[in-house]
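2 protein chains.
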Amino acid sequence: MGTDGLVTLADIEAAARRIAPAVRRTPLLATSLGSDDTPVFAKAESLQLGGSFKLRGATNAVAQLSEQERARGVITHSSGNHAQALARAARAAGISATVVMPDSAPAVKQAATKALGAQVVLVDLAQRAAEVERLRADTGAVFIPPFDDAAVIAGQGTVGLEIVADLPELATVVVPVSGGGLISGVAAAVRALAPAVRVIGVEPELAGDLADGLARGHRVTWPSEATGRTIADGLRVQAVGELNWRHVEAFVDAVVTVSEDAIRSAMRRIILEGKLVCEPSGAVAVAGCLEHPDVLAPGPVVAMVSGGNVEPALLAEIVAGVA
Amino acid sequence: MGTDGLVTLADIEAAARRIAPAVRRTPLLATSLGSDDTPVFAKAESLQLGGSFKLRGATNAVAQLSEQERARGVITHSSGNHAQALARAARAAGISATVVMPDSAPAVKQAATKALGAQVVLVDLAQRAAEVERLRADTGAVFIPPFDDAAVIAGQGTVGLEIVADLPELATVVVPVSGGGLISGVAAAVRALAPAVRVIGVEPELAGDLADGLARGHRVTWPSEATGRTIADGLRVQAVGELNWRHVEAFVDAVVTVSEDAIRSAMRRIILEGKLVCEPSGAVAVAGCLEHPDVLAPGPVVAMVSGGNVEPALLAEIVAGVA
Chain A
4 MGTDGLVTLA DIEAAARRIA PAVRRTPLLA TSLGSDDTPV FAKAESLQLG
54 GSFKLRGATN AVAQLSEQER ARGVITHSSG NHAQALARAA RAAGISATVV
104 MPDSAPAVKQ AATKALGAQV VLVDLAQRAA EVERLRADTG AVFIPPFDDA
154 AVIAGQGTVG LEIVADLPEL ATVVVPVSGG GLISGVAAAV RALAPAVRVI
204 GVEPELAGDL ADGLARGHRV TWPSEATGRT IADGLRVQAV GELNWRHVEA
254 FVDAVVTVSE DAIRSAMRRI ILEGKLVCEP SGAVAVAGCL EHPDVLAPGP
304 VVAMVSGGNV EPALLAEIVA GVA
Chain B
4 MGTDGLVTLA DIEAAARRIA PAVRRTPLLA TSLGSDDTPV FAKAESLQLG
54 GSFKLRGATN AVAQLSEQER ARGVITHSSG NHAQALARAA RAAGISATVV
104 MPDSAPAVKQ AATKALGAQV VLVDLAQRAA EVERLRADTG AVFIPPFDDA
154 AVIAGQGTVG LEIVADLPEL ATVVVPVSGG GLISGVAAAV RALAPAVRVI
204 GVEPELAGDL ADGLARGHRV TWPSEATGRT IADGLRVQAV GELNWRHVEA
254 FVDAVVTVSE DAIRSAMRRI ILEGKLVCEP SGAVAVAGCL EHPDVLAPGP
304 VVAMVSGGNV EPALLAEIVA GVA
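Protein sequence lines, in the order shown, are assigned to chains A and B.
Sequential numbering from 4 applies to the first sequence in the numbering used here.
Sequential numbering from 4 applies to the second sequence in the numbering used here.
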């Protein structure tokens, strides 16, 4: 970490070495979704083990536990993808994991987390942090936060290293934002390696706490009654993390929001034109590219397709154009 | 070409140099579809420009036309993916293209071919060759066959070069078979570069003319009433080509068949677990891996996901588990 408390390129490069045996290096794929001036490439973290980028941060955090911490196991709260990722990272490390999930989390994510050997505890969305605190006090398990954590941010930042290595000429990178773990790490990596590249965050309008906070000049929290309504179930967090807020202020050029219709439309195009299965949250960056071409620099754009864990029924609805 | 008339490694390497500017180098992706002994990797030609491997062969054939031939334009018949590919290759080369398609071809493939600037002529499945012959006589257009052609085979064989480069330790490669263009080229490349690798062909049971012919010791033709019934609309050809038959005899270890249920099930798993959109024909190689593990050598398996051009309604049905 730098003296300012922000994650450094060295932290991210160390994370890359640490997690390499446990994660996939995902492909950067040309698509037909952009324009001639701003061709869009998809960084397909939907093809990551477990179906999302989250494995990177979880693996980096678990790899740095002491022997005593390993013996007590790990715990977290998550709408699903971080849960699966921590369960997988814990299983690979041979330690126990407990996951507190909102009872609104998709069944496919609950089932996948259990199948990876984690204990799953379901609570109301707003009660997640309190329940984690209660269980920590009971069991001594180590909390691995989903985003507001330097080790998690450094792990997610390895996506940025791969993007710059695969497409050194990129002009813009577009990242979905929920708690801010992915954009914090990616922005730190890209800013260090390719300072001229524009880094853009995208939120659903219904969960636009970061864009709102940037407009007001300070971090804000949105009610779960608002954020819980977006189709992008991975992006329903009520506020970016404190450490994430500081990374965004330091490294991110702009944050835009997209409508629910734009998310559905982008998801359909990624599937039918890009031939990649994505979850709603995984379509938000592409939706940002399509709805806000003005924020893109001329030149190649990398849009993060951050995950592919979608309920079959929703996938069918989106493809059929019903939803 | 070798003295035996078969495509050589040199032909395929020349094709790779010729087509490199016009095609994508597709990723080889780890999946969770195999077993510990036979992990399955997907060669995702669904992510190729136009959504299938066919662009490779068409581009290689068009690149070798004389100036006089270019002036007369090109013509072919195809159930869809070769049509799109030839249209795209012709457009890139600045020449005209005519495509004769069966009137049963998916609307999405007809529309895509027209959108690429080709003239589309619809006829009954069994009348395709005769209609091409009539139009050739009228216009002097050069026939670019979908599979029974050395330049097309060499182009498709470039997939084999990429597989061996990306996974030198592969033990088995599994390829869907229709007319035999893809398996001919891939088998020629793999046999030359990695002689110990097993090369397996897979057909739908309803279009099992190659497996049938191999059992009888000679090439056979199946009625279109049979082959027309498989969900794998890209594999409804009634007989492998003559040149393709000779490549299969020389280079392929075994050909197996899969049921319609196995194709649907494999398609669903590729989409929901592998996170790749595929068409039914593109799922046939994975179906072969899942239904016939006995034909796989111990070690990594590469299954060709040959295309991703599927009607949205069918995709929705398969995902929902209705079909």
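Heads up, the beta-carbon is just placed ideally off N, CA and C, and yes, glycines get one too.
Along the chain, where does the beta strand (DSSP E) containing Pro105 (chain A) start, and where does it finish?
What you label residue 105 (chain A) is simply residue 102 of the first sequence in a count that begins at 1. For Pro105 (chain A), the enclosing beta strand (DSSP E) starts and ends at 100-105.
As an exercise, report each continuous alpha helix (DSSP H) stretch of at least 4 residues that is fully enclosed by the region 240-313 of chain A, in chain order.
245-254, 263-275, 283-294
For Leu246 (chain B), tell me which candidate among B:Ala257, B:Arg272, B:Pro315, B:His221 has the shortest Cα-Cα distance.
Against the second sequence, residue 246 (chain B) aligns to sequence position 243. Among B:Ala257, B:Arg272, B:Pro315, B:His221, the Cα nearest to that of Leu246 (chain B) belongs to B:His221.
Assuming Ser284 (chain B) and Ser309 (chain B) make a contact with CB atoms under 8 angstroms, what is their CB distance in whole Å?
Here the question's residue 284 (chain B) lines up with position 281 in the second sequence. Here the question's residue 309 (chain B) lines up with position 306 in the second sequence. The Cβ separation is near 6 angstroms, so the contact holds.
Sequence-distant residues of its chain with Cβ nearer than 6 angstroms to Ala66 (chain B) (five each side left out)
Position 63 of the second sequence, counting from 1, holds the residue named residue 66 (chain B). If we look at Ala66 (chain B) and ignore the five residues flanking it on each side, its Cβ neighbours are Arg21.
For Glu294 (chain A), which residues of its own chain have a beta-carbon under 7 angstroms away from its beta-carbon, when the five flanking residues on both sides are left out?
By 1-based counting over the first sequence, the position of residue 294 (chain A) is 291. Result list for Glu294 (chain A): Val261, Ala265, in chain order.
Could you have a look at Gln130 (chain A) and say whether DSSP puts it in helix, strand or coil?
To locate residue 130 (chain A), count along the first sequence from 1; it is residue 127. Three-state result, Gln130 (chain A): helix.
Closer than 8 angstroms at the beta carbon, the chain B residues around Val322 (chain A)
For this step, residue 322 (chain A) is matched to residue 319 along the first sequence. Neighbours of Val322 (chain A) on chain B, chain order: Pro315, Leu318, Ala319, Val322.
Using a Cβ-Cβ cut-off of 8 angstroms, state whether Ala326 (chain B) counts as contacting chain A.
Numbered from 1 along the second sequence, position 323 holds the residue referred to as residue 326 (chain B). Residue placement at Ala326 (chain B) cannot be trusted, given a pLDDT of 44 that sits under 50; what the coordinates show is reported in the next sentence. No, Ala326 (chain B) does not count as interfacial toward chain A.
What are the residues of the region 36-69 of chain A that lie near chain B, defined by any Cβ-Cβ distance shorter than 7 angstroms?
Ser49, Leu50, Gly54
So, does the CB of Leu279 (chain A) fall closer than 8 angstroms to a CB anywhere in chain B?
Counted from its first residue, the first sequence places residue 279 (chain A) at position 276. Cβ-Cβ to chain B under 8 angstroms: yes for Leu279 (chain A).
Who are the neighbours of Leu164 (chain B) on chain A, taking C-beta pairs under 8 angstroms?
Your numbering for residue 164 (chain B) matches position 161 in the second sequence. The contact set of Leu164 (chain B) on chain A, defined by CB atoms closer than 8 angstroms, is empty, because the minimum CB distance reaches about 18 angstroms.
Nonlocal neighbours in the same chain, by C-beta distance under 7 angstroms from Ala195 (chain A), ignoring five residues either side
The sequence position of residue 195 (chain A) within the first sequence is 192, counting from 1. So the list reads Leu12, once near-sequence residues are dropped.
Can you have a look at Ala214 (chain A) and say buried or exposed, based on whether 16 or more other CB atoms are within 10 angstroms of its CB?
In the first sequence, residue 214 (chain A) corresponds to position 211, counting from 1. The residue is buried, with at least 16 neighbouring Cβ atoms inside 10 Å.
Classification of Ser35 (chain B) by the beta-carbon crowding that lies within 10 angstroms, buried from 16 upward
Mapped onto the second sequence, residue 35 (chain B) falls at position 32. By the 10 Å Cβ count, Ser35 (chain B) comes out exposed.
Taking only beta-carbon positions, decide if Ala33 (chain B) is within less than 8 angstroms of chain A.
Taking the second sequence and counting its residues from 1, one reaches residue 33 (chain B) at position 30. Taking Cβ atoms only, chain A reaches closer than 8 angstroms to Ala33 (chain B), which makes this a yes.
Against chain B, with Cβ distances strictly below 8 angstroms, would Gly311 (chain A) count as a contact?
Against the first sequence, residue 311 (chain A) aligns to sequence position 308. Yes, Gly311 (chain A) counts as interfacial toward chain B.
By how many angstroms is the C-alpha of Glu320 (chain A) removed from the C-alpha of Ala326 (chain A)?
Counting from one through the first sequence, the residue named residue 326 (chain A) turns up at place 323. Counting from one through the first sequence, the residue named residue 320 (chain A) turns up at place 317. Residue confidence is low: Ala326 (chain A) scores 44 on pLDDT, short of 50, so the model does not pin down where it sits. Its coordinate-derived value is still stated next. One C-alpha to the other measures close to 5 angstroms.
Test: Arg131 (chain A) CB closer than 8 angstroms to a CB of chain B
In the first sequence, residue 131 (chain A) corresponds to position 128, counting from 1. Not an interface residue.
Ala326 (chain A) in three-state terms, based on DSSP:
Walking along the first sequence from the start, residue 326 (chain A) turns up at place 323. Bear in mind that a pLDDT of 44 at Ala326 (chain A), under 50, signals an unreliable position, so the number given afterwards is only what the model happens to contain. Coil.
Three-state class that DSSP yields for Ser55 (chain A) in the structure shown
The residue labelled residue 55 (chain A) in the question sits at position 52 within the first sequence. DSSP places Ser55 (chain A) in strand when its eight states are reduced to three.
For the alpha helix (DSSP H) holding Arg91 (chain B), just list the boundary residues, first then last.
In the second sequence, counting from the first residue as 1, residue 91 (chain B) sits at position 88. Where Arg91 (chain B) is concerned, the enclosing alpha helix (DSSP H) stretches over 84-96.
Leu275 (chain A) touches chain B at which residues, Cβ-Cβ below 7 angstroms?
Taking the first sequence and counting its residues from 1, the one referred to as residue 275 (chain A) is at position 272. In chain order: Pro315.
With respect to the alpha helix (DSSP H) encompassing Ala19 (chain A), which residues constitute its N-terminal and C-terminal limits?
For the purposes of this step, residue 19 (chain A) is taken as residue 16 along the first sequence, with counting starting at 1. Taken as a continuous stretch (DSSP letters only), the alpha helix (DSSP H) holding Ala19 (chain A) covers 12-22.
Leaving out the 5 sequence neighbours to the left and right, which residues in its chain are closer than 6 angstroms to Gln130 (chain B) when beta-carbon positions are compared?
Here the question's residue 130 (chain B) lines up with position 127 in the second sequence. Excluding positions up to five away in sequence, the list is empty.
If you measure from the CB of Gln159 (chain A), is any heavy atom of the ligand ZN nearer than 7 angstroms?
As for the ligand ZN, it is missing from this structure, which has no ligand bound.
Check whether the Cβ atoms of Ile327 (chain A) and Val111 (chain A) lie closer than 8 angstroms to each other.
Shown here, chain A extends from 4 to 326; a query on residue 327 (chain A) therefore has no answer.
Of the choices A:Arg73, A:His85, A:Ala74, whose alpha-carbon is the least far from that of Gly53 (chain A)?
For the purposes of this step, residue 53 (chain A) is taken as residue 50 along the first sequence, with counting starting at 1. That would be A:His85, whose Cα lies nearest to the Cα of Gly53 (chain A).
Alpha carbon to alpha carbon, what distance is there between Val126 (chain B) and Thr41 (chain B)?
Looking up residue 41 (chain B) in the second sequence gives position 38. Looking up residue 126 (chain B) in the second sequence gives position 123. Just so you know, the alpha carbons of Thr41 (chain B) and Val126 (chain B) end up roughly 43 angstroms apart.
Using only CA atoms, which one of A:Ala286, A:Met4, A:Ala199, A:Gly188 lies nearest to Trp248 (chain A)?
By one-based count along the first sequence, residue 248 (chain A) stands at place 245. Nearest to Trp248 (chain A) by alpha-carbon distance, out of A:Ala286, A:Met4, A:Ala199, A:Gly188, is A:Gly188.
In chain A, what lies closer than 7 angstroms to Arg27 (chain B) by C-beta?
Against the second sequence, residue 27 (chain B) aligns to sequence position 24. Ala33, listed in chain order.
What residues of chain B sit near Pro109 (chain A), judged by a beta carbon separation below 8 angstroms?
In the first sequence, residue 109 (chain A) corresponds to position 106, counting from 1. Those within 8 angstroms of Pro109 (chain A) in chain B number zero; the least Cβ separation is about 13 angstroms.
If Val255 (chain A) and Gly302 (chain A) are in contact, beta carbons under 8 angstroms, what's the gap, nearest whole angstrom?
Within the first sequence, numbered from 1, the residue matching residue 255 (chain A) stands at position 252. Within the first sequence, numbered from 1, the residue matching residue 302 (chain A) stands at position 299. About 18 angstroms separates the two Cβ atoms, so there is no contact after all.
For Val258 (chain A), which residues of its own chain have a beta-carbon under 8 angstroms away from its beta-carbon, when the five flanking residues on both sides are left out?
The residue given as residue 258 (chain A) occupies position 255 in the first sequence. The beta carbon of Val258 (chain A) sits closer than 8 angstroms to the beta carbons of Val180, Ile203, Gly204, Val205, Glu206, Leu213, Ala214, Leu217, Val251 from its chain, once the five residues preceding and following it are set aside; these are given in chain order.
Compute the distance between the beta-carbons of Ala114 (chain B) and Ala93 (chain B), then report whether it is under 8 angstroms.
The count along the second sequence starts at 1 and reaches residue 114 (chain B) at position 111. The count along the second sequence starts at 1 and reaches residue 93 (chain B) at position 90. Pairing Ala114 (chain B) with Ala93 (chain B) gives a Cβ-Cβ distance that is not under 8 angstroms.
Is the CB of Pro30 (chain B) under 8 angstroms away from at least one CB in chain A?
The residue you call residue 30 (chain B) lines up with position 27 of the second sequence. Closer than 8 angstroms: yes.
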